[in-house]
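Notes to accompany the following structure.
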Amino acid sequence: MAGSRLSLVLLPLLLIALVCAVHAERKPRLVGGITEANENEEGVQRAVNFAISEYNKASNDKFGHRIVRVVRAQKQLVAGIKYILEVEISRTTCTKSVTDFSSCPLHEDPTLKKHSICNFVVYFVPWLGKISLIKNECKII
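Per the UniProt record's numbering, residue 1 is the first one in the sequence shown, and the count goes up by one each step.
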């Protein structure tokens, strides 16, 4: 009888200790901190498309570029959403007269082929309908 009473007292204490141990393993999320984002998320896709569109507008290249792959996507909640993107882009065979480069083939000719890794930061304020590219850094690989 004394053993079963002791079990009734110890069981809730063990459960509390277990819950505390599980929650202690989690990293606290900082308000406004940078978090990993899924590249298939709608907001990330919107940011990626906007970034490559702005890149193509600003580029002096005769040919348009398109995203080959998203290397890393992160987001930060500020007074809006900041998307921090690392992407691989490549020169297409389509000239800039084309508006959608997603289906354009990539250059295979070594003299025209150009691959770059780009770091883009896109700032999006949904309630104002505002979107801007605040960082655009690319390195040819």
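The beta-carbon is built from N, C-alpha and C at its ideal position, and this holds for glycine as well.
(message) Assuming Gly43 is part of the alpha helix (DSSP H), what are its boundary residues?
(response) Reading the sequence shown from its first residue, position 43 is the one you call residue 43. Segment 42-58, the alpha helix (DSSP H) holding Gly43.
(message) What ranges does the beta strand (DSSP E) occupy inside the stretch 85-134, keeping only unbroken runs of at least 3 residues that lie completely in it?
(response) Counting only runs of 3 or more, we get 115-125.
(message) Please report the distance separating the alpha-carbon of Leu112 from that of Arg91.
(response) Taking the first residue of the sequence shown as 1, we reach residue 112 at position 112. Taking the first residue of the sequence shown as 1, we reach residue 91 at position 91. Their backbone Cα atoms lie some 8 Å apart in a straight line.
(message) The beta strand (DSSP E) that contains Glu39, what's its start and end?
(response) Working through the sequence shown from its first residue, we reach residue 39 at position 39. Careful: Glu39 lies outside any beta strand (DSSP E) and carries neither H nor E.
(message) Less than 8 Å between the C-beta atoms of Ile52 and Ile89, yes or no?
(response) The count along the sequence shown starts at 1 and reaches residue 52 at position 52. The count along the sequence shown starts at 1 and reaches residue 89 at position 89. Taking 8 Å as the Cβ cut-off, Ile52 and Ile89 qualify as a contacting pair.
(request) Give me the Cα-Cα distance between Ile84 and Gln45, rounded to the nearest whole angstrom. (result) The sequence position of residue 84 within the sequence shown is 84, counting from 1. The sequence position of residue 45 within the sequence shown is 45, counting from 1. Using only the alpha carbons, I get a separation of about 12 Å.
(message) Under DSSP, the beta strand (DSSP E) around Gly64 begins and ends at which residues?
(response) As a working note, residue 64 is residue 64 in the sequence shown. It spans 63-78 - the beta strand (DSSP E) in which Gly64 sits, taken as one unbroken run.
(message) Going by DSSP in three states, Ile140 sits in which element: helix, strand or coil?
(response) For the purposes of this step, residue 140 is taken as the residue at position 140 of the sequence shown. Reduced to three states, the DSSP call for Ile140 is strand.
(message) Classify Ala79: buried if its beta carbon has 16 or more other beta carbons within 10 angstroms, exposed otherwise.
(response) By 1-based counting over the sequence shown, the position of residue 79 is 79. It counts as exposed.
(message) Could you check whether Val48 and Lys82 sit closer than 8 Å to each other, using their CB atoms as the reference points?
(response) As a first step, residue 82 must be located in the sequence shown, where it is residue number 82. As a first step, residue 48 must be located in the sequence shown, where it is residue number 48. Their beta carbons are not under 8 Å apart, which means Lys82 does not touch Val48 by this criterion.
(request) Could you pull out every residue in the same chain whose Cβ sits closer than 6 Å to the Cβ of Val70, ignoring the five residues on either side in sequence? (result) As a first step, residue 70 is located in the sequence shown; it is residue number 70 there, counting from the start. Excluding sequence neighbours, Val70 sits near Glu39, Val87.
(request) In angstroms with no decimal places, state the Cα-to-Cα distance between Cys94 and Ile131. (result) As a working mapping, residue 94 is identified with position 94 in the sequence shown. As a working mapping, residue 131 is identified with position 131 in the sequence shown. Between the C-alpha atoms of Cys94 and Ile131 there is a straight-line separation of about 26 Å.
(request) Please go through the same chain and pick out, in chain order, the residues whose beta-carbon is closer than 8 Å to the beta-carbon of Gly33, but skip the five residues on each side of it. (result) On the sequence shown, position 33 is the one that residue 33 refers to. So the qualifying residues of the chain are Gln76.
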